[in-house]
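Numbering of the sequence shown is given in the UniProt record's numbering, commencing with residue 1 and proceeding in unit increments. Using N, Cα and C, we set each Cβ at its ideal position, and we do this for glycine too.
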Amino acid sequence: MKNKNLSFMTQAAMIAAIYVVLTYIFAPFSFGEVQVRISEALTILPIFTPAAIPGLFVGCLIGNILGGAILPDIVFGSIATLIGAFFTWKLREQKPVVATLPPIISNIIIVPFVLRYGYGVTLPIPFMMLTVGIGEVISCTVLGLIVYGALKKYKGTLFHTA
Numbered sequence: 001m002k003n004k005n006l007s008f009m010t011q012a013a014m015i016a017a018i019y020v021v022l023t024y025i026f027a028p029f030s031f032g033e034v035q036v037r038i039s040e041a042l043t044i045l046p047i048f049t050p051a052a053i054p055g056l057f058v059g060c061l062i063g064n065i066l067g068g069a070i071l072p073d074i075v076f077g078s079i080a081t082l083i084g085a086f087f088t089w090k091l092r093e094q095k096p097v098v099a100t101l102p103p104i105i106s107n108i109i110i111v112p113f114v115l116r117y118g119y120g121v122t123l124p125i126p127f128m129m130l131t132v133g134i135g136e137v138i139s140c141t142v143l144g145l146i147v148y149g150a151l152k153k154y155k156g157t158l159f160h161t162a
């Protein structure tokens with residue numbers, strides 16, 4: 001039991017660290033009303049391990065803090081990632097493309113309101129839903145499925161005890 005908990009925490013911490021690094025490295029297009037957050041490709045990982053749920057949440061939280069986000073963005077942006085990760089895990093038995101939908105949907109619903117009421121962006125909310133959605137589809141579906149394809153044959157090795 002102790003090894004299982006240690007493995008879970010290690011996997012979560014590593015996923016968080018990778019998320020933070022990707023967000024920070026690609027910061028110029030990880031924030032704003034038109035964004036493609038490369039780190040969101042990792043939202044496919046709950047298919048492999050439930051440790052990805054807290055890992056993605058903490059990674060997004062830290063990435064938003066280091067990226068200079070304001071408090072509503074830090075809180076609600078991270079919650080959007082948490083919701084997406086949780087429901088991706090719930091859909092882990094479905095086709096991988098279906099499991100990419102929760103983070104897309106949660107970010108489409110939450111992030112435009114953060115942009116409007118937190119940052120004062122005056123673009124119409126439906127337009128920001130579209131731009132955030134396009135960025136999320138690129139990150140979560142296109143890049144996420146590439147990550148899935150690269151990791152699926154190593155699932156038993158990389159994620160066996162969490």
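- A distance below 8 Å separates the beta carbons of Ile74 and Leu61.
- Note that the C-beta distance between Pro102 and Leu91 is below 8 Å.
- When secondary structure is reduced to three states using DSSP, Tyr119 falls in the coil class, being assigned neither helix nor strand.
- Gly67 sits in coil when the DSSP states are folded into three classes, being neither helix nor strand.
- Exclusion of the five residues before and after Phe86 leaves Pro46, Ile53 and Pro102 as the residues of its chain whose Cβ lies within less than 8 Å of its Cβ.
- The three-state secondary structure of Ser30, taken from DSSP, is coil.
- A straight-line Cα-Cα distance of about 34 Å links Asn107 and Asn3.
- When the alpha-carbon of Glu136 is set against those of Val147, Thr23, Tyr19 and Ala41, the nearest one is in Ala41.
- In the DSSP assignment, Phe86 falls within the unbroken alpha helix (DSSP H) covering Ser78 to Lys90.
- Rounded to whole angstroms, the Cβ separation of Gly77 and Thr43 is 13 Å, and the two are not in contact under 8 Å.
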